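The opening residue of the sequence shown carries number 1 in my numbering; numbering runs sequentially from there. C-beta atoms are modelled at their ideal positions from N, C-alpha and C, and glycine is treated no differently. Given the structure is predicted, the values throughout are model-derived calculations rather than measurements. Worksheet: one structure, shown below.
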Amino acid sequence: MRKTCTGLILIAALAIPLSAADWPHWLGPKGNGSSPETGLLTAWPKKGPKVLWKVPGGDGYSTVVVAAGRAITQVQHDGDEYVLALDAAKGTKLWETKVAPAYKNSFGDGPRATPTIDGNSVYIYSPSGLLACLDAAKGDIRWEINLLKTFGGKAVTYGLSASPLVQGDLVYAIPGGKGAGVAAFNKKTGKLVWKTGDDKSAYSSPMSVTIAGQKQIIFFTATGLLSVTAEQGKELWRVAWPTEYDCNICTPLLIGTDLLFVSTGEGNGCKMFKLSAAAPEVVWESTGAKSVMLNYWANAVEHNGYLYGISGEFHEKKMHLNCVEVKTGKLKWSEKNIGKAAITLADGHLYLTTKKGDLILAEANPTKYVEKARIAMLGEKGRTSPTIANKRLFLRDLDHIYCLDIAGK
1 MRKTCTGLIL IAALAIPLSA ADWPHWLGPK GNGSSPETGL LTAWPKKGPK
51 VLWKVPGGDG YSTVVVAAGR AITQVQHDGD EYVLALDAAK GTKLWETKVA
101 PAYKNSFGDG PRATPTIDGN SVYIYSPSGL LACLDAAKGD IRWEINLLKT
151 FGGKAVTYGL SASPLVQGDL VYAIPGGKGA GVAAFNKKTG KLVWKTGDDK
201 SAYSSPMSVT IAGQKQIIFF TATGLLSVTA EQGKELWRVA WPTEYDCNIC
251 TPLLIGTDLL FVSTGEGNGC KMFKLSAAAP EVVWESTGAK SVMLNYWANA
301 VEHNGYLYGI SGEFHEKKMH LNCVEVKTGK LKWSEKNIGK AAITLADGHL
351 YLTTKKGDLI LAEANPTKYV EKARIAMLGE KGRTSPTIAN KRLFLRDLDH
401 IYCLDIAGK
């Protein structure tokens, strides 16, 4: 196994309890882009919340995940891709492990998927198809497998970005090969447990739901939604969802216990499904170029019965922040002065990071758009969604990783 690139800070190896306010994987503790934290700062100083630390990062779009006192992400620099672990409180480097050669793409270099922290393990997926498990305390690689080479999948145009999903003893991924469209692996050994289907990879991360007592794993592949049983990979249902350029990007959003919101760009639009043990039922839909929600690459969030998401197509000027009623699909308002952005929800507020480099705080308010603060503090062309953990806001652009204090005073 390859070793880490830097020395270890000894204290990092100590057992640190998991906090209920951690953000251990893509889209946070509940997989919905929302933090359960309250008591956060809602009136920001002119220059924004206090920056506790700022450290060099590197190319890439992986979100920062936080658990057990560590902040972990995937970065790229000096010709290689790395997994980087920092002390979440101080920003000091705990370890940095090289995992793959640098990934180059005309739409942006570096890793896309977000690491998953599960106990003392970190699971990562590289844009070139490497699925790996690392020791969270030391950074040593425990096992690794290139899914494209092993299962005959094909690289996607903009780089593989499906973050690993860990549930129980299994880690779920989308190899995209014949007979191995989706698959599950033993999280301790990396050994294949099951594989099924001929689905091609897209960009969306797998998710889990429990309906009528049965756990389902839902994949959003290049051709549509696929639900399978968690343990055996038995197909339960499919919903066709073809999108131009195979751009099924955003992870489906579970609302409550049985509503599933799905949205894509490229003129597709959105649908609200009601889940059951059989095929899901369409509650409402809004499709085509004038859809109420065209989530191009950033996930929407939900708060008190309303969806908030960046809607539009490829061009910056056509991206708006929309508010949509969950029950009816009715558009409540649309704010044009945002552009391309990613959203995280916490304490009744939206935290947005824009591709232009702005950090925005706005109310999750269904009656009108209320902006509380806007600070130009990030580099341009970033696409990473904010992370909120333990009353701290973790951000990154293509150069740095930031930690801000957002505890209420």
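Could you have a look at E231 and say whether DSSP puts it in helix, strand or coil? coil
Kindly confirm or deny that the stretch 357-372 and the stretch 269-287 touch, where touching means at least three C-beta pairs closer than 8 Å. no
Among T92, D258, D169 and G39, whose alpha-carbon lies nearest the alpha-carbon of F464? As shown, the chain starts at 1 and ends at 409. That puts residue 464 outside it, with no answer to give.
Beta strand (DSSP E) segment containing F394, residue limits: R392 to R396
Quick check on DSSP: helix, strand or coil for D246? helix
Residues sharing a beta bridge with I217, DSSP: S208 and V228
Close-in-space but distant-in-sequence residues of the same chain around G31 (CB under 8 Å, 5 per side omitted): H25, M207, S208, T251 and L254
Take the Cβ of Q216 as the centre, count every other Cβ of all protein chains shown within 10 Å, and call the residue buried at 16 or more, exposed below. buried
Can you tell which of S205, D347, G357 and A180 has the C-alpha that lies nearest to the C-alpha of S364? What sits at residue 364 in the sequence shown is Ala, not Ser. For A364, the nearest C-alpha among the options comes from D347.
Do T116 and S62 have their beta-carbon atoms positioned less than 8 Å apart in this structure? no
Complete beta strand (DSSP E) runs within the stretch 138-200 (minimum length 3 residues, chain order): 141-146, 165-167, 170-173, 182-186 and 192-196
Pairwise C-alpha distance: A300 and S34: 10 Å
For K318, which of helix, strand or coil comes out of DSSP? helix
Let's test the definition: count the other Cβ atoms within 10 Å of the Cβ of T92 and tell me whether it reaches 16, buried, or not, exposed. exposed
Could you give the DSSP three-state label for E371: helix, strand or coil? strand
Just to confirm my understanding: we take S385, look at its own chain, exclude 5 residues before and 5 after, and list those with CB closer than 6 Å. What are they? T63, A342 and T344
Report the three-state DSSP secondary structure of Y306 (helix, strand or coil). strand
Between Y125 and L165, which are expected to be in contact by the criterion C-beta below 8 Å, what is the C-beta distance as a whole number of angstroms? About 10 Å; that fails the 8 Å criterion.
Which of helix, strand or coil does DSSP assign to I406? coil
By the three-class DSSP mapping on this structure, what secondary structure does W284 have? strand
Report the rounded CA-to-CA distance for K391 versus K178, giving the unit in angstroms. 45 Å
Just how far apart, CA to CA, sit G329 and V292? 8 Å
Backbone CA spacing between P101 and D78 [nearest angstrom]: 10 Å
Can you say whether M1 is buried or exposed, counting buried as having 16 or more other CB atoms within 10 angstroms of its CB? Note that M1 scores a pLDDT of 38, beneath 50, so its modelled location is shaky; the value from the coordinates is reported in the next line. So M1 counts as exposed.
Run the CB neighbour count on E302, radius 10 Å, all protein chains shown included, and call it buried at 16 or more, exposed below. buried
Alpha-carbon to alpha-carbon, D59 and L256: Going by the sequence as given, residue 256 is Gly instead of Leu. For G256 and D59, the distance between alpha carbons rounds to 36 Å.
If I measure Cβ to Cβ from Q232 and keep anything under 7 Å in the same chain, skipping five residues before and after, which residues do I get? W194
For the beta strand (DSSP E) holding T116, just list the boundary residues, first then last. T116 to D118
For G197 and T367, I'd like the C-alpha separation in whole angstroms. 44 Å
Kindly give me the distance between the Cβ atoms of W237 and G224, rounded to whole angstroms, as I take these residues to be in contact under 8 Å. With 8 Å as the limit, W237 and G224 do not qualify as a contact, their Cβ atoms being about 10 Å apart.
I need the boundaries of the beta strand (DSSP E) containing F107, first residue and last residue. F107 -> no beta strand (DSSP E), and no H or E assigned at all.
Inter-residue spacing [alpha-carbon to alpha-carbon] between L162 and L147: Rather than Leu, the amino acid found at residue 162 in this sequence is Ala. Near 12 Å, if we compare the C-alpha coordinates of L147 and A162.
Look up D59 in the DSSP assignment and say whether it is helix, strand or coil. strand
Cα-Cα separation between G269 and P36, rounded to whole angstroms: 28 Å
T38, DSSP secondary structure in three states: coil
So, helix, strand or coil for Q64, using DSSP? In the sequence as presented, Gln is not what sits at residue 64; that position holds Val. In this structure, V64 counts as coil in the three-state DSSP scheme.
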